[in-house]
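Position in the sequence shown counted from 1, then plus 91, gives you my numbering. Built from N, CA and C at the ideal position, the CB exists for glycine as well. Here the structure is a predicted model, which means the values were calculated and not measured.
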Amino acid sequence: MLTSGESTLDARIEQADELKAVLKRELRSGDWVLVTTRNSVYSICVLGEDQYVVSGGWFDRTGVSPQEISITGCTWGGTAIKEDIVAARGLFLEFGNHVITTRIQQVRVIPREQQPVI
92 MLTSGESTLD ARIEQADELK AVLKRELRSG DWVLVTTRNS VYSICVLGED QYVVSGGWFD
152 RTGVSPQEIS ITGCTWGGTA IKEDIVAARG LFLEFGNHVI TTRIQQVRVI PREQQPVI
């Protein structure tokens with residue numbers, strides 16, 4: 092018999108398999124990820140080796156934007172975290188400084204080869 096904690100964990104594992112997520116391993120240096128949360132918009136430029144330059148949201152409000160930082164992963168709002176994800180709709184993004192966004196509403200990836208030349 093499963094306890095409620097086990098059934099919740101099983102449900103989260105099943106959800107993780109079905110997520111339309113932006114995975115860290117799929118991004119290359121120079122790619123951009125635009126993340127719209129309930130309260131903010133974040134612009135994330137991939138540097139490589141789990142390093143990103145982030146602007147927007149909390150970083151703008153605290154005057155530390157742009158900031159080079161790692162991304163810990165995404166959560167469902169609790170302590171379980173998917174460390175291989177940069178962003179997924181419905182989850183919460185956690186940065187390396189432990190800042191957690193509000194729920195993600197939209198994610199857009201702009202590959203480096205599709206960016207306009209200025």
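Around the beta carbon of aspartate 175, fewer than 16 other beta carbons lie within 10 angstroms, which makes this residue exposed.
Non-local C-beta neighbours of arginine 129 in its own chain, meaning closer than 7 Å and more than five positions away in sequence, comprise Thr193, Arg194, Gln196, ordered along the chain.
Around the CB of leucine 114, fewer than 16 other CB atoms lie within 10 Å, so the residue is classed as exposed. Taking the Cα of phenylalanine 150 as reference, the smallest distance to any Cα among Leu125, Thr163, Trp123, Tyr133 is reached at Tyr133. Taking C-beta atoms under 8 Å as the contact rule, glycine 168 and phenylalanine 183 qualify, at a distance of about 6 Å.
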